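Participant: In my numbering, the protein residues as written are 79 to 281. Cβ atoms here follow ideal geometry from the backbone N, Cα and C, with glycine treated the same way. Remember, it's a predicted structure, so these values are computed and weren't measured experimentally. My questions all concern the structure below.
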Ligand SMILES: [Zn+2]
């Protein structure tokens, strides 16, 4: 017979509660004009390997998708759209990435999980009204000082674009990552459990 401590039962309830209150939703159905460019569903990423299945979509916790819609609306008034590089990431994929590159700072340890595994983080950039490229200080997933928010090098236009994205995301309620201009978290992301739900299984 299995015996669970009272604390572990409480933890299980809290985890189940957070995921049932906040399901994962397809951000494309909520965010107007969203350009979906999931790099891990291609070989065009820092691992040089396709680690997402063809069924991958931009899934986010419902409140994160709502905040993203708010940011997109504010940016559309300035002639921009949002292009997402990564959203929810199943934990099994986190293990696959860890096996390819077990290096904290580049890949989150799957035992702890990242906020992407919680559906509470998004990697993104700006796009033009017709979905074209917008200059930023670095390409996505560049791990160098040039990717930091405080970086003052590069072109003036790239810094201005980075700050335009930052202002819109902060106004919508996201928290920036100091070292990655493309990464934004939902405040209190840690309250959400790490998931291994497949991409197909969402609203
Ligand atoms: Zn990220």
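1. Determine the closest residue to residue 160 out of 177, 134, 139, 211, with distance taken between C-alpha atoms.
2. Quick one: does the C-beta of residue 225 sit closer than 7 angstroms to a heavy atom of ligand 3?
3. Is the beta carbon of residue 228 closer than 8 angstroms to that of residue 215?
4. Between 106, 170, 269, which has its C-alpha nearest residue 145's C-alpha?
5. What residues sit near ligand 1, counting only those whose C-beta is closer than 6 angstroms to one of its heavy atoms, in chain order?
6. Name the one or two DSSP bridge partners that residue 205 has.
7. Does DSSP put residue 255 in a helix, a strand or coil?
8. For the beta strand (DSSP E) containing residue 104, list its first residue and its last residue.
9. Within this structure, are the beta carbons of residue 192 and residue 172 separated by less than 8 angstroms?
10. By the DSSP assignment, the beta strand (DSSP E) with residue 112 in it spans what residues?
11. Do residue 163 and residue 112 have their C-beta atoms closer together than 8 angstroms?
12. DSSP on residue 129, reduced to helix/strand/coil?
13. Strictly by DSSP, which residues pair up with residue 138?
14. Cβ of residue 270 within 8 angstroms of Cβ of residue 100?
15. Would the segment 171-186 count as touching the segment 119-131 if we require 3 or more Cβ pairs under 8 angstroms?
16. When the distance is taken between beta carbons, is residue 199 closer than 8 angstroms to residue 267?
17. Is it buried or exposed for residue 197, if we count other Cβ within 10 angstroms and need 16 for buried?
Facilitator: Concretely, from the data shown:
1. 211 is the residue among 177, 134, 139, 211 whose C-alpha sits nearest the C-alpha of residue 160.
2. Of the ligands this structure carries, namely ligand 1, none is ligand 3.
3. 8 angstroms or more divides the Cβ of residue 215 from the Cβ of residue 228.
4. The residue with the shortest Cα to Cα distance from residue 145 is 106.
5. Cβ atoms closer than 6 angstroms to ligand 1 belong to 164, 194, 199, 201, 261.
6. DSSP output for residue 205 lists 159, 211 as bridge partner(s).
7. If DSSP states are grouped into helix, strand and coil, residue 255 belongs with the strands.
8. Where residue 104 is concerned, the enclosing beta strand (DSSP E) stretches over 102-104.
9. Yes.
10. For residue 112, there is no enclosing beta strand (DSSP E), since its DSSP letter is neither H nor E.
11. Not in contact: residue 163 and residue 112 (Cβ atoms no closer than 8 angstroms).
12. In this structure, residue 129 counts as coil in the three-state DSSP scheme.
13. Residue 138 is bridged to 103.
14. Going by C-beta atoms, residue 270 is nearer than 8 angstroms to residue 100.
15. Yes, the segment 171-186 touches the segment 119-131.
16. It is a contact, given that the beta carbons lie within the stated cut-off.
17. By the neighbour-count rule (16 or more Cβ atoms within 10 Å), residue 197 is buried.
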